[in-house]
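Peer 1: I am attaching a structure below and will ask some questions about it afterwards.
2 protein chains.
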Amino acid sequence: MARIAAIVEDMFEDSEYLHPVEAFEKNGHRVINVGMKKGKTVRGKKQGTEVRIDESIEAVSPADFDALLIPGGYSPDKLRAHSAPVSFVRDFVVGGKPVFMICHGPQLLITADVLRGRRATGWKSIAQDIRNAGAEYVDAEVVSDGNLLSSRHPGDLKAFTESAIRQLSKGE
Amino acid sequence: MARIAAIVEDMFEDSEYLHPVEAFEKNGHRVINVGMKKGKTVRGKKQGTEVRIDESIEAVSPADFDALLIPGGYSPDKLRAHSAPVSFVRDFVVGGKPVFMICHGPQLLITADVLRGRRATGWKSIAQDIRNAGAEYVDAEVVSDGNLLSSRHPGDLKAFTESAIRQLSKGE
């Protein structure tokens with residue numbers, strides 16, 4: 001069983017949280033919602049899905065988790081305006097533990113400046129940002145590069161989640 | 001009198017459209033709302049301000065206008081997922097006519113790859129994207145570099161709009 005941090009703020013893309021989280025839990029993993037404030041309820045962009053923050057980002061470290069999930073929508077752009085989520089994501093990537101990101105998720109890695117020399121994908125609006133951050137942007141449903149797993153949009157969710165679950169089972 | 005294109009999509013930052021547009025019109029300028037589809041109504045992020053698109057981006061060229069306004073919010077990220085707005089903004093910047101952008105506005109210039117070697121500001125979440133695009137990010141309420149005028153957030157609107165109006169009067 002893996003402990004997976006899901007880092008979320010308001011305006012996350014509902015399906016990009018719900019789909020992987022349900023699959024992770026069905027496979028026996030535990031998901032901990034990490035955000036700006038413990039106890040706060042954040043809401044999804046399209047369906048208003050409510051997610052309660054289990055742990056404040058200030059109170060946790062990558063050592064507490066086995067993997068990180070970064071759903072897209074506008075949540076990553078809101079999070080990267082603060083230093084704590086950026087540091088958390090940077091430490092996670094540098095530490096080598098699995099990072100699953102989709103859609104606008106890579107924005108957090110761009111601000112953390114940890115995409116240089118990596119291969120990644122993401123929503124097409126951030127393709128140039130990913131390239132400018134020193135990464136190779138690959139237009140594919142799932143891009144795997146070491147500990148980084150990335151996908152473009154909700155249409156990639158099935159392949160994204162299956163790849164993430166395979167990566168988690170390798171780590172056991 | 002200048003003809004100013006305001007390029008907008010859903011989820012624009014209400015005040016970053018309303019404040020400069022009202023001031024431009026009060027000063028005798030004309031604002032034309034340019035967007036993905038003529039006749040469509042787009043809505044602001046916070047107050048749901050309704051803006052009717054006067055001209056489709058496909059039907060206009062920078063030659064039709066004297067200046068460009070790019071309000072922030074999530075509108076720029078939505079627009080830059082399409083090639084027509086990106087080409088329009090690129091041609092505007094390269095053509096040397098005034099471009100007024102605020103908050104997330106520079107995202108369109110990043111995707112158009114026309115920030116290299118320029119000085120600009122924007123909302124703090126996109127600071128690293130601006131730097132990675134080859135520009136110097138300046139944390140100031142108004143940054144002026146040739147035809148580019150940029151500001152960070154709604155708190156800069158007074159200085160932003162006054163600078164834009166001065167730049168328009170120089171062009172007459």
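In order, the protein sequence lines correspond to chains S and H.
Under my numbering, the letters of the first sequence match residues 1 to 172, in that order.
Under my numbering, the letters of the second sequence match residues 1 to 172, in that order.
Where is the CB? At the ideal position from N, CA and C, for every residue including glycine.
Assign lysine 26 (chain S) to one of two classes, buried (16 or more other C-beta atoms within 10 Å of its C-beta) or exposed (fewer than that).
Peer 2: Lysine 26 (chain S) comes out exposed.
Peer 1: Apart from the five residues on each side of it in sequence, which residues of its chain come closer than 6 angstroms, Cβ to Cβ, to phenylalanine 88 (chain S)?
Peer 2: Only Ile57 meet the Cβ criterion.
Peer 1: Let me know if glutamine 47 (chain H) comes out buried or exposed under the rule of 16 or more other beta-carbons within 10 Å of its beta-carbon.
Peer 2: exposed
Peer 1: Give me the chain H residues within the contact set of aspartate 156 (chain S), using Cβ-Cβ distance strictly less than 7 angstroms, ordered along the chain.
Peer 2: Taking a Cβ-Cβ cut-off of 7 angstroms, aspartate 156 (chain S) has no neighbours in chain H, whose nearest Cβ is about 16 angstroms from it.
Peer 1: Using 9 angstroms as the limit for Cβ to Cβ distance, is threonine 121 (chain H) near chain S?
Peer 2: no
Peer 1: Please check if any C-beta of chain S sits within less than 9 angstroms of the C-beta of arginine 152 (chain H).
Peer 2: no
Peer 1: When the Cα atoms are used, what is the spatial distance from histidine 153 (chain S) to isoleucine 130 (chain S)?
Peer 2: Taking the straight line from one Cα to the other gives about 15 angstroms.
Peer 1: Which residues share a DSSP beta bridge with phenylalanine 33 (chain H)?
Peer 2: The sequence shown places asparagine at residue 33 (chain H), not phenylalanine. Paired residue(s): H:Ala6.
Peer 1: If you measure from the beta carbon of arginine 43 (chain S) to each beta carbon in chain H, is any gap under 9 angstroms?
Peer 2: So, not an interface residue.
Peer 1: So which residues on chain H does arginine 80 (chain S) lean against when the C-beta distance must stay under 7 angstroms?
Peer 2: Ser125
Peer 1: Using a Cβ cut-off of 9 angstroms (strictly closer), state whether alanine 140 (chain S) contacts chain H.
Peer 2: no
Peer 1: Are there 16 or more other CB atoms within 10 angstroms of the CB of threonine 111 (chain H), so buried, or fewer, so exposed?
Peer 2: buried
Peer 1: Who are the Cβ neighbours of alanine 23 (chain H) in its own chain at under 7 angstroms, not counting the five residues just before and after it?
Peer 2: Thr161, Ile165
Peer 1: When DSSP builds the beta bridges, which residues end up paired with valine 180 (chain S)?
Peer 2: Here chain S covers residues 1 to 172 and nothing more, so residue 180 (chain S) does not appear.
Peer 1: Please state if the CB of glutamate 9 (chain S) and the CB of proline 76 (chain S) are separated by a distance shorter than 9 angstroms.
Peer 2: Against a cut-off of 9 angstroms, the Cβ pair of glutamate 9 (chain S) and proline 76 (chain S) comes out as a contact.
Peer 1: For valine 51 (chain S) and threonine 41 (chain S), I'd like the C-alpha separation in whole angstroms.
Peer 2: Answer to the nearest angstrom: the Cα atoms are 5 angstroms apart.
Peer 1: Give the residues of chain S in contact with isoleucine 110 (chain H), contact being defined as C-beta atoms less than 9 angstroms apart.
Peer 2: Against chain S, a Cβ distance below 9 angstroms from isoleucine 110 (chain H) picks out Gln128, Asp129, Asn132.
Peer 1: Skipping 5 residues on each side, what residues in its chain have a beta carbon closer than 7 angstroms to that of arginine 119 (chain H)?
Peer 2: Ala135, Glu136, Val138, Val143, Asp145
Peer 1: What residue range is occupied by the uninterrupted beta strand (DSSP E) comprising valine 51 (chain H)?
Peer 2: 50 to 52
Peer 1: Does any residue of chain H have a CB that is nearer than 9 angstroms to the CB of tyrosine 17 (chain S)?
Peer 2: No, tyrosine 17 (chain S) does not count as interfacial toward chain H.
Peer 1: Mind the definition here: the segment 58 to 72 of chain H touches the segment 101 to 116 of chain H only if three or more C-beta pairs lie below 8 angstroms; say whether that holds.
Peer 2: yes
Peer 1: From isoleucine 2 (chain H) to asparagine 147 (chain H), what distance separates their C-alpha atoms?
Peer 2: It is alanine, not isoleucine, that sits at residue 2 (chain H) in the sequence shown. Their Cα atoms are separated by approximately 15 angstroms.
Peer 1: Quick check: is the beta carbon of glutamine 47 (chain S) nearer than 9 angstroms to any beta carbon in chain H?
Peer 2: no
Peer 1: Relative to the C-alpha of isoleucine 126 (chain H), which candidate in S:Thr121, S:Lys124, S:Ala133 has its C-alpha closest?
Peer 2: S:Ala133
Peer 1: Could you name each continuous beta strand (DSSP E) segment of 3 residues or more that falls completely within the segment 99 to 144 of chain S, going from the start of the chain to the end?
Peer 2: 99 to 102
Peer 1: With distances taken Cα to Cα, identify the nearest neighbour of lysine 124 (chain S) among H:Val99, H:Ala159, H:Ser83.
Peer 2: H:Ser83
Peer 1: Using the beta-carbon of each residue, which ones in chain S are nearer than 9 angstroms to tyrosine 74 (chain H)?
Peer 2: Met11, Tyr74, Asp77
Peer 1: Taking the C-alpha atoms as reference points, what is the distance between leucine 149 (chain H) and methionine 36 (chain S)?
Peer 2: 33 angstroms
Peer 1: Using C-beta distances below 6 angstroms, list every residue in its chain close to proline 98 (chain S), excluding the 5 sequence neighbours before and after it, in chain order.
Peer 2: Around proline 98 (chain S): Ala67, Asn147, Gln167.
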